[in-house]
Amino acid sequence: MRFLSRRLVMPNDLNYANSLFGGRALEWIDEEAAIWAICQLETNCLVTKHIGEISFESPALQGDIVEFGLETKAVGRTSITVSCLVRNKATKKTICFADDIVFVKVDPETRQPASHGKTLEGLIAQTDDEVRKLNLNIENS
Numbered sequence: 507m508r509f510l511s512r513r514l515v516m517p518n519d520l521n522y523a524n525s526l527f528g529g530r531a532l533e534w535i536d537e538e539a540a541i542w543a544i545c546q547l548e549t550n551c552l553v554t555k556h557i558g559e560i561s562f563e564s565p566a567l568q569g570d571i572v573e574f575g576l577e578t579k580a581v582g583r584t585s586i587t588v589s590c591l592v593r594n595k596a597t598k599k600t601i602c603f604a605d606d607i608v609f610v611k612v613d614p615e616t617r618q619p620a621s622h623g624k625t626l627e628g629l630i631a632q633t634d635d636e637v638r639k640l641n642l643n644i645e646n647s
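Quick note on this note's numbering: the sequence shown kicks off at 507 and runs consecutively.
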């Protein structure tokens with residue numbers, strides 16, 4: 507899982523208990539997972555089809571920095587399935603885990619599913635190549 511994105515929990519992100527509102531966390535997860543899928547498939551013509559199990563483990567408080575870990579689980583002819591782990595940057599404690607987030611490539615004109623031409627093996631090689639070219643030391647867990 508690669509942790510590439512972070513957000514600061516601000517007052518407008520809080521619920522009545524002064525912790526990160528679950529709906530805001532889900533909004534962030536959908537956005538971060540979509541960005542991951544867009545970069546993987548090299549197209550922004552994607553729609554969220556499904557979000558599977560979501561588990562909230564611990565709260566995030568105002569001022570916490572949360573980071574998003576993403577990985578590709580599966581690739582179909584028109585779809586990509588992603589997992590997203592949200593954790594506290596400082597403590598590494600899991601805040602939330604969303605599994606089986608499915609995005610489908612659609613034709614921009616017809617809005618019907620369209621083939622993206624990618625494979626899981628190809629995406630793994632593509633990501634490894636991008637990391638090598640950028641000479642990044644990406645944290646894995």
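Where a beta carbon is used, it is the ideal one built from N, C-alpha and C, also for glycine.
Residue nearest to C590 in terms of C-alpha spacing, selected from Q632, R583, T600: For the purposes of this step, residue 590 is identified with residue 84 of the sequence shown, where counting begins at 1. Selected option, being the one with the closest Cα: T600.
Rounded C-alpha distance that separates G611 from G569: Working through the sequence shown from its first residue, we reach residue 611 at position 105. Working through the sequence shown from its first residue, we reach residue 569 at position 63. Per the sequence shown, residue 611 should be read as Lys rather than Gly. Answer to the nearest angstrom: the Cα atoms are 36 Å apart.
Where V608 falls: helix, strand or coil (DSSP): As a first step, residue 608 must be located in the sequence shown, where it is residue number 102. Here V608 sits in strand by DSSP.
Buried/exposed call for E648, threshold 16 Cβ in 10 Å: Residue numbering for the chain in the displayed model covers 507 to 647; residue 648 lies beyond these limits and cannot be assessed.
Option nearest T587 by Cα separation, candidates R530, I571, D606: For the purposes of this step, residue 587 is taken as the residue at position 81 of the sequence shown. Selected option, being the one with the closest Cα: D606.
Coarse secondary structure for V637, derived from DSSP in three states: What you label residue 637 is simply residue 131 of the sequence shown in a count that begins at 1. Helix, per DSSP.
Within 9 Å, strictly: CB atoms of I557 and L532: By one-based count along the sequence shown, residue 557 stands at place 51. By one-based count along the sequence shown, residue 532 stands at place 26. Contact: yes.
N-terminal and C-terminal residue of the alpha helix (DSSP H) that G528 is part of: Here residue 528 corresponds to residue number 22 of the sequence shown, with the count starting at 1. Segment 528-547, the alpha helix (DSSP H) holding G528.
Environment of K598 [buried if 16+ CB atoms lie within 10 Å]: Counting from 1 along the sequence shown, the entry for residue 598 is found at position 92. Counting Cβ neighbours within 10 Å, K598 comes out exposed, since fewer than 16 surround it.
Where D519 falls, given that 16 or more other Cβ within 10 Å makes a residue buried: Along the sequence shown, read from residue 1 onward, the residue named residue 519 stands at position 13. Taking a 10 Å sphere around the C-beta of D519, we find 16 or more other C-beta atoms and assign the residue as buried.
Candidates L629, A604, V592, N550, of which the one nearest P614 by Cα: Here residue 614 refers to the residue found at position 108 when the sequence shown is read from its first residue. Closest by alpha carbon: N550.
Of the listed residues K639, R513, R617, nearest to G575 (C-alpha basis): Numbered from 1 along the sequence shown, position 69 holds the residue referred to as residue 575. Nearest of K639, R513, R617 to G575, Cα basis: R513.
When S585, L626, I535, P619 are compared against S511, the one with the closest alpha-carbon: For the purposes of this step, residue 511 is identified with residue 5 of the sequence shown, where counting begins at 1. Looking at the Cα atoms, I535 is the closest of the given residues.
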